[in-house]
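What follows is a set of notes on a single structure, which appears directly below.
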Amino acid sequence: MDRRDLLKRSAALGFMTAVPVSFATKSGISSQAGASRSSSEPASSVAGPNPLMLPANGKIPVAFPISADARVIDYAGPWAVFEWDDHFQLYTVAEALQPVVTSDGLTIVPNYTFGTAPKPRIIVIPGQKGDTEAMVQWIRKSAENADLTMSVCVGASVLARTGLLDGKAATNHHYSYKSFASRFPKVQLQRGVRWVEEGNLATAAGETAGIDLALHVVERYFGRGVARHVAESMEYLSQSWMDVNSSALYAETSQAEP
Amino acid sequence: MNRRELLERSAAAGLMAAIPFSLGAKEVSTACGGTAAVSNDADSDKSAMPPNPLKPPASGSIQVAFPISKGTIDMDFFGPWVIFGSVFIPGRETFDTYTVAETKTALATRMGLNIIPDHTFETAPKPRILVIPAQVGATDVMLQWIRKSSESTDLTMSICDGAKVLARTGLLDGKNATEHHDEFENFAAEFPKVHLIRGVRFVEDGSNLATSAGLSSGIDLSLRVVERYFGREMAEKTAYFLEYQGKGWLDPNSNSIYAGTSHIETKP
């Protein structure tokens, strides 16, 4: 697997398809600049409807704040997507460098503490149970300069704790719609969407939806062709990352909740 | 997420569709011989077992060991870890996942995630399932441990380029196996005794061996293993809980786009 040539190869592919307007733009939730790009640009460099700017040089730092019981799929899904592009620098951040036991017993030694972590351009917040006030503060402060602060699954609760989602739309694992809505009444919970984008914030639905949102982030930086290439390199067959409405089957799930 | 109630809720959602049986081990072998695959007719009994079921222990959990070393490919290992950790059945334990390495010193995956192994090869509980992710640090000690453990596993499975680690044990000699599409040629050259199958999502061969294609296909092979132990409905519930929309686990032939070549750029 020669991943170093990924981008070069992808650029040569030129199999871009028309990019559908994302849910966020369609619903008027987000009005990020750059929603319409010139169609005269080469297809391989066309990013999504709300592109993110690459840094002038160096890798894109991606921070994963973790604590006890962090859901492995929530952080590992996006981690594995960003792994496929040498343009990202991935690191875990926690309150201390002590080992953190994440879901189903996977023990991780964090790369950095909140005091020592490099400034992230992307923050990925997985579902977890040990989120402290220190983590919430670090996220709030780091999000000021980040290109994107994204939660996965019930990580939306950690993001909501920062207050940054107040008055904004967000989603969550279908299983937690009801508890999220009652705990964070100021957040406009969206049900049955794969992810929601709000300015420099994004929230993914449950578990594997983090993979899809991460692929969408690759698209926002590098264009759909590269994102598709990353998905193909991962042999990721699901098409759900190209359609925010692919979680529609979960829209009514909460009605079955007690 | 209160996962204890998951199953009842999922059952109430009533979203399980009747899905025809996919190919089993025998059919894959047949396909290798060039004959058209034989598929079973659709079975409306969703709790029916697949063609090559595995028997869960009467009580206790199914031990799932992940032998790892420095440079383990993250996705290969995360996918199965998450699937096996997300199977919830009221009143019984399901899968117990743990990492095994030469020492319990923290080791970095390919992308720098620092994992502290749960056990060494000397201390690891006897696994019923072995999951071998791609890695460059597999030593002879690991190979010996895999070979020996596989004498009593229900299933020894490799993910992606982990097929090379499994092949190095000799267990795949004369058997069918698959690999990440980018490594077809290297694998075929390095292991001429293994029958490499291209363009399949996973291969099941022998009584206790399976190999998956690249990376995310490990998720699908793991769902397939859940099906073999607990039936298709349970595998569907697990995928539903994880909001996993991929369908590759239902069809070993779903990777056919990768069959023709190891150069992905010719297959847009």
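Top to bottom, those sequences are chains A and B.
Here the first sequence is numbered in our numbering, starting from 1 and rising by one per residue.
Here the second sequence is numbered in our numbering, starting from 1001 and rising by one per residue.
We put the beta carbon where it would ideally sit given N, CA and C, even for glycine.
Below the 9 Å Cβ cutoff, chain A contributes D104, G105 and L106 as neighbours of T1097(B), in chain order. Contact annotation, S1216(B) with G1079(B): C-beta distance approximately 6 Å; criterion of less than 8 Å satisfied.
Within 7 Å of the CB of H87(A), no CB atom of chain B is found; the nearest one sits about 13 Å away.
Assignment of beta-bridge partners to P65(A) by DSSP yields V93(A). Restricting attention to D86(A), T116(A), Q190(A) and D104(A), the CA atom closest to the CA of T92(A) is found in T116(A).
Bounds of any alpha helix (DSSP H) do not take in W241(A), whose DSSP letter is neither H nor E. Here the alpha carbon of T1211(B) sits roughly 24 Å from the alpha carbon of A1108(B). Counting along the chain, the unbroken alpha helix (DSSP H) around I139(A) starts and ends at E133 to A143. Of the residues assessed, S1059(B) falls on the exposed side of the cut-off, its CB having fewer than 16 other CB atoms within 10 angstroms. Of all residues in the stretch 1194 to 1225 of chain B, those with a C-beta nearer than 7 Å to a C-beta of chain A are A1213, G1214, L1215, S1216 and S1217, reading in chain order.
For Q1245(B), at least one C-beta of chain A is nearer than 8 Å to its own C-beta. Apart from sequence neighbours up to five positions away, the residues of its chain that approach K1104(B) with a beta-carbon distance below 7 Å are I1116, P1117 and T1120, ordered along the chain.
Between T113(A) and I66(A) the beta-carbon gap is near 12 Å, outside 8 Å, which marks them as no contact. Within the stretch 1179 to 1190 of chain B, the residues whose Cβ lies closer than 9 Å to some Cβ of chain A are H1180, H1181, D1182 and E1183, listed in chain order. Straight-line spacing of the CA atoms in V244(A) and F1187(B) works out to 38 Å. Residue burial annotation: T1153(B) is buried, with at least 16 other C-beta atoms found within 10 angstroms of its C-beta. The beta strand (DSSP E) runs lying completely inside the stretch 174 to 205 of chain A and spanning 3 residues or more are 195 to 198 and 201 to 204, given in chain order.
Between S1086(B) and F1230(B), the C-beta spacing is not below 8 Å. E1227(B) and S1061(B) have their C-alpha atoms some 16 Å from each other. Within the DSSP secondary-structure output, L1054(B) pairs in no beta bridge.
In this chain, the beta strand (DSSP E) harbouring P1067(B) covers I1062 to P1067.
Between I1159(B) and P1125(B), the CB-CB gap reaches or exceeds 8 Å. Within the stretch 1099 to 1114 of chain B, T1099, A1106, R1110, M1111, G1112, L1113 and N1114 place their CB atoms closer than 8 Å to a CB of chain A, listed in sequence order. Sequence-ordered contacts of the stretch 231 to 245 of chain A with chain B read E232, S233, M234, E235, Y236, L237, S238 and S240 [C-beta pairs closer than 7 Å]. With a 10 Å radius around the Cβ and a threshold of 16 neighbouring Cβ atoms, D86(A) comes out exposed. Counting C-beta atoms within 10 angstroms of its own C-beta, E1093(B) has fewer than 16 neighbours from the protein chains shown and is therefore classed as exposed. Non-local beta-carbon contacts of E1179(B) in its own chain, meaning distances under 8 Å to residues more than five positions away in sequence, involve C1160, D1161, A1163, K1164, F1187, L1196, T1211, A1213 and G1214 in chain order. Of the candidates A1239(B), D1220(B), T1238(B) and E1236(B), the residue whose Cα lies closest to the Cα of D1251(B) is D1220(B). The C-beta of L215(A) comes no closer than 8 Å to any C-beta of chain B.
G58(A) has a beta carbon lying at 8 Å or more from every beta carbon in chain B. Between A214(A) and S176(A), the alpha-carbon positions lie close to 21 Å from each other. One thing to note: Q1144(B) has its Cβ no nearer than 8 Å to the Cβ of S238(A). Under the Cβ distance rule, S182(A) does not count among the residues neighbouring chain B, no pair being separated by less than 8 Å.
By the neighbour-count definition (other C-beta atoms within 10 Å, threshold 16), N172(A) is a buried residue. Judged by beta-carbon spacing, M1111(B) lies beyond the 8 Å limit of W138(A), meaning their Cβ atoms are not closer than that value. Put simply, the CB of G1085(B) is near chain A, with a gap under 8 Å to one of its CB atoms.
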